[in-house]
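Here the sequence shown is numbered in our numbering, starting from 31 and rising by one per residue.
From the three backbone atoms N, C-alpha and C, an ideal C-beta is built for every residue, glycine too.
Treat the numbers as computed from the prediction; the structure is a model and nothing was measured.
Structure first, then comments.
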Amino acid sequence: MKQLTIPVQPAYDALLGEGLLAQAGALTAGAVGGRHVLIVTDDGVAPLYLEAARTSYAAAGFTVETFVFPHGESNKSLQTVEAVLLAADRAGITRTGLFAALGGGLVGDLTGLSASLYLRGIDFVQIPTTLLAMVDASVGGKTAVNLSSGKNLCGAFYQPRLVICDPAVLRTLSPELFAEGMAEVIKTGAICDEGLLSRIAYGDNLTGIIADCIRIKGEIVSQDEHDHGLRQLLNLGHTFGHALEKLNGYRIYHGEGVAVGMLIAAWAAEQHGLCEYGVYDELKAMLSMQHLPVTTPFTAGKVAENAMNDKKRRGDSLTLVLPSARGKSVLHPIRATELADFIACCDGTVTGL
Ligand code: GLY
């Protein structure tokens, strides 16, 4: 088992190893005081892993409650949060109780937000079941649900007490969900780790790659927990990626948007002399290897128009994340009104004409 400490205040561990789901109860008992848990999951994950989680917590002496909600982005809502809170209240969970998020990023985000609100905040643990959630969403304490006006607009920074990653559960992941996780893995390498990019390209051991991503995320988050500066690097590909998700009516995977979004950032950065030549080609090849999209039919103008409403926009300016060299990205503030011109060079390469 790998133990990676996320050095925020208070610090917590991300534990990584095959078979850890069966030990989730005992591992959680070592990290929290309470012994009354509400396991929150969705109806896609429940048939696969809820029984194993329930058995593990019961064997470790927990009183176990469960809450299963229908999967899908439309349920990442304040209504579902309220349903979680009511289930906890009905079950008599007190301030010493805890929530366990068993699922992908959506389940983790929603459960974390619910934990931050219930009785003004109780402990929660993350048990991610997707690659994307293991390498990104479950670590760092960003929690949120959607508002009718946009994705993740209602949330809080609220750190889990423990993250338990069992790569064995990834064997049931669809190829599309695996690929979207790989988009975030490639993103992590492109931000700050040339060695990780090489290990991904060589097809290195997945558990080691997940561990690298968690370590890197922990290092970044510990320096900027509340996303005022350095942490924004983790948004490489996301400003354009979110725009593409929106343009596609949220019918593409988040990771697919991020893949094309990274390429828009890389191509534009190279064309403006802000990035070493060759970064775009390498990222494109790596994303293609993972069967991720590398172009979009939408024009740069359309992408820019939709990116202007990014929730990270501050006043008139946006902070883009641009690759600057292999395994290195930088923050690049830009006026929202200059965005369309900045990425216009992508038309005909990454974006449509
Ligand atoms: N997923 C980006 C972050 O946690 O900041």
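At 4 residues or longer, and completely inside the segment 275 to 343: list those alpha helix (DSSP H) runs for me, N to C.
Here the runs fully enclosed are 284 to 301, 309 to 319 and 330 to 337.
Since T110 and L140 should fall inside the 8 Å C-beta cutoff, what is the C-beta to C-beta distance between them, to a whole number of angstroms?
About 6 Å; that satisfies the 8 Å criterion.
Assuming the contact rule is C-beta atoms closer than 8 Å, Y42 and R191 should be a hit. Round their C-beta distance to whole Å, please.
That belief holds up - the Cβ atoms of Y42 and R191 are roughly 5 Å apart, short of 8 Å.
Looking at the structure shown, is K358 part of a helix, part of a strand, or coil, going by DSSP?
Three-state DSSP puts K358 in a strand.
Indicate whether K247 and G170 have their beta-carbon atoms separated by less than 8 Å.
Yes. Within cutoff.
Exposed or buried, S228, counting other C-beta atoms within 10 Å across all chains shown (16 or more means buried)?
Exposed, by the Cβ-count rule.
Could you tell me the distance, in whole angstroms, from the CA atom of Y148 to the CA atom of A130?
Cα-Cα distance, rounded: 13 Å.
Considering only heavy atoms of ligand 1, does any lie closer than 7 Å to the CB of D153?
Answer for D153: no, Cβ out of range of ligand 1.
Residues in the same chain with beta-carbon distance under 6 Å from G271, minus the five sequence neighbours each way, listed in chain order, please.
The residues are G287, V288 and G291.
Would you identify the three-state DSSP class for H101, choosing helix, strand or coil?
Residue state, collapsed to three classes: coil.
For T71, which option in L50, T58, V155 and P40 has the closest C-alpha, if you only look at C-alpha atoms?
Ranking L50, T58, V155 and P40 by Cα distance to T71 puts V155 first.
Curious, which full-length beta strand (DSSP E) runs of at least 3 residues does the segment 187 to 272 contain?
The segment 187 to 272 contains these whole beta strand (DSSP E) runs: 192 to 195.
Anyone know if the C-beta pair for C376 and A299 falls short of 8 Å?
Contact flag unset, no.
What does a CB cutoff of less than 7 Å around K217 pick up in its chain, not counting 5 residues either side in sequence?
Hits under 7 Å: L266, G267, V288 and M292.
Mind checking whether the beta-carbon of K172 lies closer than 7 Å to any heavy atom of ligand 1?
It does: the Cβ of K172 is within 7 Å (strictly closer) of some heavy atom of ligand 1.
For a quick check, are the C-beta atoms of L274 and V333 less than 8 Å apart?
Result yes, Cβ atoms of L274 and V333 sit closer than 8 Å.
Less than 7 Å between the CB of A167 and some heavy atom of ligand 1, yes or no?
Flag set: Cβ of A167 near ligand 1.
In this structure, how does DSSP classify F92 when only helix, strand and coil are distinguished?
Three-state DSSP puts F92 in coil, outside helix and strand.
What I want to know is whether the C-beta of L264 ends up closer than 7 Å to one or more non-hydrogen atoms of ligand 1.
Result yes, Cβ under 7 Å from ligand 1.
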